[in-house]
Amino acid sequence: AKAFFAVSDAFRIPRVEDAARSITPSDYYDQLALSRATDTIDAARRGIAVAALTGHAKTADPVAAWLDAGGERVARIRERLQALTEGGDITVSRLSVASGLMSDLTGM
Numbered sequence: 004a005k006a007f008f009a010v011s012d013a014f015r016i017p018r019v020e021d022a023a024r025s026i027t028p029s030d031y032y033d034q035l036a037l038s039r040a041t042d043t044i045d046a047a048r049r050g051i052a053v054a055a056l057t058g059h060a061k062t063a064d065p066v067a068a069w070l071d072a073g074g075e076r077v078a079r080i081r082e083r084l085q086a087l088t089e090g091g092d093i094t095v096s097r098l099s100v101a102s103g104l105m106s107d108l109t110g111m
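Rendered as structure tokens:
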């Protein structure tokens with residue numbers, strides 16, 4: 004559970020979740036896109052936590068070690084996520100991009 008929350012904090016996922024809850028799409032397909040994006044972010048968070056625990060189990064802070072090992076790529080994605088979530092009102096489009104960025108990290 005500690006790794007799950009550390010990933011959440013590192014990528015500011017609670018902020019993304021709060022913003023997603025504030026979206027009320029009027030279109031059926033926007034609602035599907037919103038659901039898919041939040042599901043993808045959840046799956047990516049779990050995947051990153053598992054990768055950190057698997058790849059860095061012997062360190063005191065597996066998530067921090069995973070973030071460090073990801074280097075510039077992880078840092079860029081974290082910056083992009085911050086820009087997406089703090090650069091104005093969150094939209095289904097922004098949330099979809101955020102979910103794609105998170106999903107990209109699970110393949111590391």
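Each residue of the sequence shown is one higher than the one before, counting from 4 in this note's numbering. All C-beta atoms, glycine included, are put in the ideal place defined by N, C-alpha and C.
Under the assumption that residue i contacts residue j (Cβ atoms under 8 Å), give the Cβ distance between them as a whole number of angstroms.
{"i": "Val19", "j": "Ile51", "result": "So it is not a contact: roughly 14 Å between Cβ atoms."}
{"i": "Ala40", "j": "Thr88", "result": "So it is not a contact: roughly 12 Å between Cβ atoms."}
With distances taken Cα to Cα, identify the nearest neighbour of residue i among the options.
{"i": "Ala6", "options": "Ser102, Ala40, Trp69, Thr41", "result": "Trp69"}
{"i": "Arg15", "options": "Gly110, Asp107, Thr109, Arg83", "result": "Arg83"}
Determine the burial state of residue i: buried for a count of at least 16 other Cβ atoms within 10 Å of its Cβ, exposed for fewer.
{"i": "Ile72", "result": "A small correction: the amino acid at residue 72 is Ala; Ile does not occupy that position in the sequence shown. Exposed is the call here."}
{"i": "Ser102", "result": "buried"}
{"i": "Leu35", "result": "exposed"}
{"i": "Arg48", "result": "buried"}
{"i": "Ala63", "result": "exposed"}
{"i": "Pro17", "result": "exposed"}
{"i": "Ala60", "result": "exposed"}
> Between the region 90-101 and the region 32-48, are three or more C-beta pairs nearer than 8 Å?
Replying inline: yes
>> Could you check whether the region 73-80 touches the region 88-95, counting it as contact only if at least three pairs of C-beta atoms, one from each stretch, sit closer than 8 Å?
In response: no
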